[in-house]
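Colleague:
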Amino acid sequence: MLVADRYRLDARIGQGGMGEVWRGSDEVLGRPVAVKLLLGDDADPQAAARFRMEAQTAARLNHPAVVSVFDFGTWDGRFYLVMELVEGRSLAEELTDGGPLTPERVAAVAAQAAAGLASAHRQGIVHRDIKPGNLLSDTEGVVKIGDFGIARFVDDPSAALTTAGQIVGTSLYLAPERALGRAAEPASDVYSLGCVLYQLLTGRPPFKADTATATLYLHIDAAPLPPLELGIGLSPAFQNYLLVMLAKQPEERPTADEVAAWFASGAWQGRSEPMPTPQPVQTRPVPPQPARPAAPAAAPGPVGSAPGPATTYMLPGAAPASGTRPALRALARRRPRVTATVAGALAFATALLIGMAVFAPEDSPADTPVTGEPAVTESLTGGADGAPAESPVAESPSAEQPAEPSDDARKPEDAGDDAKSPGGKGENDGGKHDEDD
Numbered sequence: 372m373l374v375a376d377r378y379r380l381d382a383r384i385g386q387g388g389m390g391e392v393w394r395g396s397d398e399v400l401g402r403p404v405a406v407k408l409l410l411g412d413d414a415d416p417q418a419a420a421r422f423r424m425e426a427q428t429a430a431r432l433n434h435p436a437v438v439s440v441f442d443f444g445t446w447d448g449r450f451y452l453v454m455e456l457v458e459g460r461s462l463a464e465e466l467t468d469g470g471p472l473t474p475e476r477v478a479a480v481a482a483q484a485a486a487g488l489a490s491a492h493r494q495g496i497v498h499r500d501i502k503p504g505n506l507l508s509d510t511e512g513v514v515k516i517g518d519f520g521i522a523r524f525v526d527d528p529s530a531a532l533t534t535a536g537q538i539v540g541t542s543l544y545l546a547p548e549r550a551l552g553r554a555a556e557p558a559s560d561v562y563s564l565g566c567v568l569y570q571l572l573t574g575r576p577p578f579k580a581d582t583a584t585a586t587l588y589l590h591i592d593a594a595p596l597p598p599l600e601l602g603i604g605l606s607p608a609f610q611n612y613l614l615v616m617l618a619k620q621p622e623e624r625p626t627a628d629e630v631a632a633w634f635a636s637g638a639w640q641g642r643s644e645p646m647p648t649p650q651p652v653q654t655r656p657v658p659p660q661p662a663r664p665a666a667p668a669a670a671p672g673p674v675g676s677a678p679g680p681a682t683t684y685m686l687p688g689a690a691p692a693s694g695t696r697p698a699l700r701a702l703a704r705r706r707p708r709v710t711a712t713v714a715g716a717l718a719f720a721t722a723l724l725i726g727m728a729v730f731a732p733e734d735s736p737a738d739t740p741v742t743g744e745p746a747v748t749e750s751l752t753g754g755a756d757g758a759p760a761e762s763p764v765a766e767s768p769s770a771e772q773p774a775e776p777s778d779d780a781r782k783p784e785d786a787g788d789d790a791k792s793p794g795g796k797g798e799n800d801g802g803k804h805d806e807d808d
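Residue numbers for the sequence shown follow the working numbering, so the first one is 372 and each next one is one higher.
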């Protein structure tokens with residue numbers, strides 16, 4: 372059979388309620404083509420007018436991921452559309468024959484199909500019927516979108532114009548806004564593509580009910596079951612992005628351009644983006660304190676007892692923990708003053724004890740406290756390494772001991788916690804002594 376004295380029809384490859392698709396050849400140019408015929412008996416004038424308008428619109432598209440349109444016209448009272456013949460099969464057939472596809476294959480489908488949609492959207496064209504039967508894969512695995520702007524008018528919602536035996540239909544991929552009667556927009560195609568990707572991964576559409584109407588209600592109100600909960604082996608990044616494509620509100624979905632770029636970049640594999648190398652925060656040196664002897668690293672005290680690392684790492688743009696460095700500086704300033712106060716108190720206690728020993732009667736037991744002098748002297752002069760031995764002083768039960776040094780004589784683990792914690796007691800004490808200064 373020769374259509375328009377040019378296109379020979381060789382074999383019918385698809386059929387629906389209102390049209391059919393044939394494998395054919397262009398007798399003039401000598402190339403294989405696909406010829407789509409609108410069945411004349413069933414085509415009302417409105418459907419025919421839309422068929423013509425959409426065919427002319429689709430013919431303006433030129434993208435590797437879009438089936439090219441070569442010709443359009445009428446023949447024997449029927450409209451025909453001549454398109455690029457894709458040697459291969461649809462994704463609906465691929466899914467039916469082999470079951471769910473691998474994440475790698477689905478990611479490739481997503482990148483190519485989204486790129487084709489983005490090209491159409493830039494031309495102001497919305498496909499309105501993205502489904503596995505309209506995504507064709509050639510022998511090299513390249514995906515092409517077919518039936519641009521035609522399937523909506525040729526097919527009714529319950530009987531898609533696809534290969535016989537397919538179980539998919541338009542209602543399974545209809546965006547919520549379209550189910551509510553709103554006009555189709557580019558985001559509607561993104562939602563439909565998300566439904567297709569979901570089905571390619573899991574083997575089932577995200578929403579399916581006994582009737583088309585019930586399915587539309589699911590698109591509007593129900594949340595899709597995450598593929599990972601179905602035991603599908605894909606990365607969380609892939610799943611999360613897919614669920615964003617299925618967002619109920621159009622403005623919450625990515626654009627087709629963004630979808631194409633995301634899948635083409637390999638981000639679906641869940642690889643983390645390279646993190647910048649942490650830069651150490653330069654610790655400003657504490658100003659030297661003349662009244663404080665040099666203490667070795669092993670000397671006890673609030674700062675030396677902190678078990679954490681000496682350098683805090685932060686990512687570029689992040690601020691160091693608030694209060695950490697001021698708290699350390701406050702402790703450093705307070706320490707010499709505390710030592711001096713303790714030394715004065717002990718000197719007074721020593722003088723008192725000596726006086727009692729000198730003026731007490733000979734049989735008085737007042738000499739006995741003198742046995743504690745070595746400990747007192749060591750506390751004043753420091754240990755063998757020259758560091759002030761504050762720990763014995765802190766443990767002294769003398770009633771003359773002032774309240775202020777008790778803070779400095781805290782247990783090492785408590786002091787370490789305060790030094791590490793920006794909001795700890797050490798910082799508050801430091802603030803108090805700053806005011807005294």
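For every residue, glycine included, the Cβ atom is placed at its ideal position computed from N, Cα and C.
Bear in mind the structure is a predicted one, so any value in this text is a computation, not a measurement.
Take G574 and list the residues in its own chain whose beta-carbon comes closer than 8 Å to its own, dropping the five residues that flank it on each side.
Modeller: L466, G470, P471
Colleague: Note down the Cα distance separating P403 from S461, rounded to an integer number of angstroms.
Modeller: 18 Å
Colleague: Tell me whether T582 sits in a helix, a strand or coil according to DSSP, three-state version.
Modeller: coil
Colleague: Taking C-beta to C-beta, are I384 and L432 nearer than 9 Å?
Modeller: no
Colleague: Can Y612 and P576 be called in contact, C-beta distance under 9 Å?
Modeller: no
Colleague: Reducing DSSP to helix, strand and coil, say where D328 ends up.
Modeller: The question about residue 328 has no answer here: the residues shown for the chain are numbered 372 through 808.
Colleague: What first and last residue would you give for the alpha helix (DSSP H) that runs through L568?
Modeller: 557 to 573
Colleague: Should I516 go down as buried or exposed, given a rule of 16 or more other Cβ atoms within 10 Å for buried?
Modeller: buried
Colleague: How is V453 classed by DSSP in three states: helix, strand or coil?
Modeller: strand
Colleague: Under 8 Å, with one C-beta from each stretch per pair, do the stretch 596 to 605 and the stretch 623 to 636 reach the 3-pair mark?
Modeller: no
Colleague: Tell me the residue span of the beta strand (DSSP E) that contains L400.
Modeller: L400 -> no beta strand (DSSP E), and no H or E assigned at all.
Colleague: Restricting to Cα atoms, I'd like to know which of V399, A430, T445, A429 is closest to A419.
Modeller: T445
Colleague: Cα separation between L408 and L380?
Modeller: When rounded, the distance between both Cα atoms is 11 Å.
Colleague: How is S508 classed by DSSP in three states: helix, strand or coil?
Modeller: In the three-state scheme derived from DSSP, where H, G and I count as helix and E and B as strand, S508 is classed as strand.
Colleague: Cβ of V477 within 9 Å of Cβ of L571?
Modeller: A contact, by the Cβ cut-off of 9 Å.
Colleague: Would you call the CB atoms of L568 and V480 closer than 9 Å?
Modeller: A contact, by the Cβ cut-off of 9 Å.
Colleague: Taking 8 Å as the cut-off, is the C-beta of P597 nearer than that to any heavy atom in the ligand SAH?
Modeller: The model depicted lacks the ligand SAH and carries no ligand whatsoever.
Colleague: Of the residues R549, A436, Y588, E391, which one's Cα is nearest the Cα of D500?
Modeller: R549
Colleague: Would A558 and P621 be called neighbours here (beta carbons separated by less than 9 Å)?
Modeller: yes
Colleague: Could you tell me the boundaries of the beta strand (DSSP E) in which V630 lies?
Modeller: Unbroken run through V630 is the alpha helix (DSSP H), 627 to 635; no beta strand (DSSP E).
Colleague: Can you tell me whether Q386 is helix, strand or coil according to DSSP?
Modeller: strand
Colleague: Could you check the C-alpha separation between H492 and A482 for me, to the nearest Å?
Modeller: 15 Å
Colleague: Taking the alpha-carbon positions, what's the A633 to G487 distance?
Modeller: The residue asked about is misnamed: residue 633 is Trp in this sequence, not Ala. If you take the alpha carbons of W633 and G487, they lie about 14 Å apart.
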